[in-house]
Amino acid sequence: MSNSYNKPVLPKADSKKVSIVVDGADVEVPEGTNLVEALKTIGIDTPHFCYHQDLPVAGNCRQCMVETDGPRGMGLAIACYTPVRPGMKVATDRSSEKVKTARKAVMEFLLANHPLDCPICDKAGECTLQDNYMSSGKHESRMREEIGKQYKGAPEHRHLDAKGQDRGGKHIDLGPTVILDQERCILCDRCTRFMRDVAGDEQLYIAARGDHAFITTFPGQPLQHDYDLNVTDICPVGALTGKHFRFQQRVWLLSKTETIAPDDSLGANITVEHHDGHVWRIMPRRHPDVNKSWISNATRLLYQTLSENRLTGGSFRGADVPLADAVERARELVHGARKVALVASGHLTLEDNAALLALAESLGSRAEVFGGSWLAVGAPDGIARSGDPVANRLGCTLLGISDNLSDLVRRAKEFDCLVVAGHDLWAADAERAKSLSVIPERIALSAWHDATAQASTLAVGIRAWAEVRGSMINVQGRIQRLQAAPTAPTPDLEPAWQVISRLGHLGWTSEVDAFRFAQGRIPALSGLNYRTIGSQGRILEGVAP
């Protein structure tokens, strides 16, 4: 078992400030926090490997050394486990040669037997070992060629390479999702702490002792968990890599778009990382009150669907038609119908659903709006998922959209036109959806050739969740923003709100128009805009989750 102490005390907006002396200057920092976090509040970054904001402190890498005062004067201490106390004195590498020497020595030990894999390593470009070497290492190598590096690894994985060098474990298949290069591991034990203390399933552990120690799974057992890909994020080197991204892209080529996960009502904060119009991966974006630093494997791998089975044009009675013609045909069907059923979706943004409500208003008594979902709701996992797969369920409720899909099934014969926006009813419950087939004209606004698009008489392609700008309200009552990554398979695709605006001649020119309409329905949104919502979202006053 690895070391594991208490979770770090992180500064909060209302944390009491105390005065300490840092590098000879009086400063104020949050009381009780560890020095890594306290120094960060005054602009001093402390290098570290094993420390992580959302994991118990281990204190085993010793890279975060500072000097602090004690009964015997100033002495070295690890900043990750040293709490702030009023009046304490701290010396960092800015003023202490002893700190510089200690940090440089740690880097030398870590690199002495580390493989020179940087040119082929997926972590290159976001490797903490590289970063800390540039800030705290830069030592002269004392490696003796006749001795060479002593690579770590389990005995069953040691081998001779093409040059006759004894190597440690390379590309070890740990399970369905993760590959391990044992000889790169620096034994920070972040991965073991994550599996034990966050995932609650200790599938990784440290075997052997001293410089022979290595990370592995229990004998004969794979690494297999709904959150196991998080160990590849927190690994500070390239020891643990995900099969889905391994050797796919250099990370410095990727652009990042901040958004939220669309597959759960907690709305985990993520970044969509893309290059040359293609999404290559989804990464967690830290939010202390939502998903911390974690996302589930299911959320992480959603990017794969963004390039699969996309509906990039239109389809009318099984024949492909240009997108513009499909939109025009949908407009004609809606306005020519005797009675229209509009199905809103908690998988779409506030703006999309606001447009649907505005369309209903423009049609008057001929239109009726239905909402809800047939997807099963599970239990929260306590990490990054609430168990409710309908991301914007609360947003729809606050807009006044009823959970009444069962009424639509019962009354289907009353309607001669059905519009389903961003909601795959036929995949959720084909038996119940079959009752809707009695409606003569069925229009699906969908980003994919899904079951509902195939069951429709007219399908219109729209942008997917990663390609739109808008907002959702999560299960906590927190409004959060989605940002648009420039990765739509064709520039002709529009967000659902824009297509609906065309159907109803609403004249909306941006998602801001749709947001303003939503503000008229939800008093708690009054005074907000996308800028004030911010990257971390805002809890809405008076909204009970």
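Heads up: the sequence shown begins at 3 in my numbering, then just goes up one per residue.
Every residue, glycine too, gets a C-beta built ideally from N, C-alpha and C.
Under the three-state reduction of DSSP, D175 is assigned to strand.
Taking the Cα of A300 as reference, the smallest distance to any Cα among G279, H276 and Y229 is reached at Y229.
In this structure, L400 and V545 form a Cβ contact; the two beta carbons are roughly 7 Å apart against a cut-off of 8 Å. In the three-state scheme derived from DSSP, where H, G and I count as helix and E and B as strand, K341 is classed as coil. Here DSSP, grouped into helix, strand and coil, assigns Y207 to strand. Short of 7 Å from the beta carbon of R471, and not among the five residues preceding or following it, lie these beta carbons of its own chain, in chain order: L484, Q485, A486 and E513.
In the pairwise beta carbon analysis, the segment 357-371 is classified as touching the segment 501-509: at least three pairs are separated by under 8 Å. Contact between the segment 152-164 and the segment 94-103 is absent, with fewer than three C-beta pairs closer than 8 Å. With a cutoff of 9 Å on beta-carbon distance, T314 and T489 are scored as not near each other. If you check the CB distance, V292 and Q478 come in under 9 Å.
If you draw a straight line from the Cα of H280 to the Cα of Q250, it comes to about 12 Å.
If the five residues before and after L335 are omitted, its C-beta is found closer than 6 Å to the C-beta atoms of C419 and E443, all from its own chain and listed in chain order. The beta carbon of W282 sits closer than 8 Å to the beta carbons of F247, Q250, Q251, L256, E275, H276 and Y305 from its chain, once the five residues preceding and following it are set aside; these are given in chain order. A Cβ-Cβ separation of about 4 Å places I174 in contact with L182 under the 8 Å criterion. The segment 256-267 and the segment 186-205 do not touch, with fewer than three beta-carbon pairs separated by less than 8 Å. DSSP places D71 in the uninterrupted beta strand (DSSP E) bounded by M67 to G72.
Taking 9 Å as the cut-off, the beta carbon of K245 is found closer than this to the beta carbon of P178.
If you look at K258, you'll find it in the beta strand (DSSP E) that goes S257 to I262.
In this structure the segment 117-125 does not lie against the segment 75-85, because fewer than three pairs of beta carbons, one per stretch, are closer than 8 Å.
Distance check between T103 and each of L113, G139, Q132 and D71 places G139 closest, using alpha-carbon atoms only. Annotation for I272: the continuous beta strand (DSSP E) segment containing it runs N271 to H277. With respect to A332, I481 sits apart: the two C-beta atoms are not nearer than 9 Å. Distance check between P497 and each of M474, G509, F519 and E469 places E469 closest, using alpha-carbon atoms only.
Where R319 is concerned, there is no enclosing alpha helix (DSSP H), because DSSP gives it neither an H nor an E. Across the set P290, R395 and I272, the C-alpha of I272 shows the shortest separation from the C-alpha of I297. Scanning its chain for C-beta atoms nearer than 6 Å, with the 5 sequence neighbours on each side dropped, one finds around D354 the residues A498 and W499, in chain order. Judged by beta-carbon spacing, V342 lies within the 9 Å limit of E370, meaning their Cβ atoms are closer than that value.
Rounded to whole angstroms, the gap between the alpha carbons of F220 and L41 is 39 Å.
Under the 10 Å beta carbon count, F111 is surrounded by fewer than 16 other beta carbons and is classified as exposed. Residue burial is scored here from C-beta neighbours: S143 has fewer than 16 other C-beta atoms within 10 angstroms and is therefore classed as exposed.
When Cβ pairs closer than 8 Å are counted between the two stretches, the segment 429-440 is seen not to touch the segment 384-399, the count staying below three. Looking at the DSSP output, E443 sits in a beta bridge with C419. For T218, the uninterrupted beta strand (DSSP E) run begins and ends at F216 to T219, by DSSP. In this structure A449 is in contact with A466, their Cβ atoms being roughly 4 Å apart against a cut-off of 8 Å. Excluding residues up to 5 positions away in sequence, V323, L325, A328 and V462 lie with their Cβ nearer than 6 Å to the Cβ of G316 in the same chain. Sequence-distant Cβ neighbours of V379 in its own chain, meaning closer than 7 Å and more than five residues away, are G389 and D390.
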